[in-house]
Each structure stands twice: as C-alpha cells, then as structure tokens.
Amino acid sequence: MSGRTVMCYGDSNTHGTMPMSSREDMGRFDPATRWPGVMAGALGDGWRVIEEGLPGRTTVLPDPLGGAHRNGLAVLPAVLDSHRPLDVVTLMLGTNDMKLRFQVPVVEMADALAQLVATIRGSHAGPDGGAPAVLLIAPPPVLEVGCLAEIFEGAAEKSKRLGAVYAEVAAREGTGFLDAAGVIASSPVDGVHFDAAEHAKLGAAVAGAVRAMVP
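Take 1 as the starting number for the sequence shown in UniProt numbering and just add one per residue.
Given below as structure tokens:
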C-alpha cells in the first residue's frame with residue numbers, strides 16, 4: 001500500500017552514532033547504513049521513513065548534564081505535530097535511562113514507556129487525525145566496557161531486564177513489540193552503540209515488524 005510513513009523515535013542508536021573509542025568521538029554512520037535507512041530500503045516504494053534519533057535521549061528524564069531537551073516525553077508532542085500524519089511510530093529508548101546518574105529502577109521503566117505510548121495515542125498524529133500504530137523496540141543489553149563503562153556502571157545487569165518490561169507494556173497497551181536482543185548485540189568497543197552489521201540486521205527486523213503491523 002502506498003503513502004505509508006514511519007517515524008523512528010530514539011536515541012543515539014537511531015541517530016546512528018558509531019561505537020566510540022573515546023568520549024570525544026562524534027562519528028555517525030551514513031544514512032544507508034543506519035538501521036532506519038536499512039528499514040526504508042527493505043520496505044521499498046510507497047514508504048517514507050523519518051529518523052528522529054537524538055544522542056542521550058531518555059524516556060521521560062531531564063538530563064542534568066545533557067540538558068532538558070534529552071527528555072523524550074517532553075519533546076515528543078512537538079515532534080509528532082511536526083511530522084504528522086504518521087502511520088507508525090517506532091520507539092527504541094531506555095538505554096540512557098540506565099546511566100548511573102539516573103538511578104532508575106527497571107520496574108519504573110514500564111510507567112515511562114506507558115507515558116510515551118499514551119502521548120502518541122492522544123496526539124491525533126495518525127492518518128485522518130487518528131492515532132499512529134506503535135512499535136516498542138527493546139534495546140539490547142549494555143556491556144560495561146570501554147570509554148562509557150563508568151557512565152553506565154551497573155547497567156549491564158539492569159538492562160538485561162528491559163526486554164521483559166517492554167514485552168509486558170506492549171501486551172498491556174496493545175502495541176507491536178520487537179526485542180532487539182534477539183537480533184543484535186551492543187558493540188564490544190563501547191558496550192552501548194551498534195556496529196554497521198548490527199544496524200543492517202536491526203533494520204531488516206524492524207521492517208518485518210512494521211509490515212506485520214501495517215500490511
């Protein structure tokens with residue numbers, strides 16, 4: 001079917017940040033390598049994919065170091081209004097919530113995700129003023145290695161539980177769900193970002209999930 005639009009709302013892994021050897025690294029994969037670009041190619045003609053990835057973005061948390069604009073919930077209404085009408089919104093957030101400075105219990109992630117879903121559902125950003133479909137993507141676990149290990153201290157164990165939390169919220173809210181941990185792994189370089197091969201695998205998997213939601 002023609003005229004479908006998907007918005008990918010996420011953090012640095014939707015932005016396409018390359019695995020970092022130092023905290024000063026600012027590399028970004030090219031559009032065709034980033035997983036939303038891979039997804040666009042897999043979906044083919046008649047689909048438009050909008051990348052909305054911001055490094056450091058959280059689910060609902062203002063970042064005292066990164067700035068209030070990193071709060072995914074606060075920015076989401078404006079983003080939805082900017083890009084409507086949207087058939088599908090993919091949400092892959094939560095990795096940055098695992099940073100040591102936030103001290104967020106994993107169980108509270110369910111409430112954060114539910115707020116994001118409710119914002120999308122109430123936005124009238126879908127076709128004809130309806131609600132876009134939502135695909136929750138649980139990010140893969142963090143590895144406490146490399147230059148980001150101290151920032152994400154304690155995240156390796158906590159982030160292993162994100163898939164179950166996302167699945168629970170998706171079932172309760174009636175959204176689509178994809179556990180990225182079943183498809184890809186975080187880079188052994190910095191433990192957070194994805195290498196090019198993982199972007200390729202994730203893009204193909206998300207395309208399949210989107211097609212299943214919007215035939």
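Backbone N, C-alpha and C define an ideal beta-carbon position, used for all residues, glycine too.
Item                                                                                                                                                                                     : Value
Tell me which residues share the same chain as G130 and place their Cβ nearer than 8 Å to its Cβ, disregarding the 5 neighbours each side in the sequence.                               : H124
Figure out for me which residue from P36, G41, T58 and D190 has the closest Cα to the Cα of residue 218.                                                                                 : Outside the modelled stretch of the chain, which goes from 1 to 215, sits residue 218, for which no answer is possible.
Would you kindly work out how many angstroms separate the C-alpha atoms of S21 and H15, rounded to a whole number?                                                                       : 18 Å
Any idea what DSSP makes of I184, helix, strand or coil?                                                                                                                                 : coil
Cα separation between G46 and P215?                                                                                                                                                      : 12 Å
Could you check whether the stretch 82-100 touches the stretch 147-166, counting it as contact only if at least three pairs of C-beta atoms, one from each stretch, sit closer than 8 Å? : yes
Rounded to whole angstroms, what's the CA-CA distance from residue 230 to P31? Just pull it up for me.                                                                                   : This structure does not reach residue 230, given that the chain is present from 1 up to 215, and the question cannot be answered.
Would you mind reading off the limits of the alpha helix (DSSP H) that contains V117?                                                                                                    : M109 to R121
To the nearest angstrom, how far is the alpha carbon of K160 from that of A180?                                                                                                          : 11 Å
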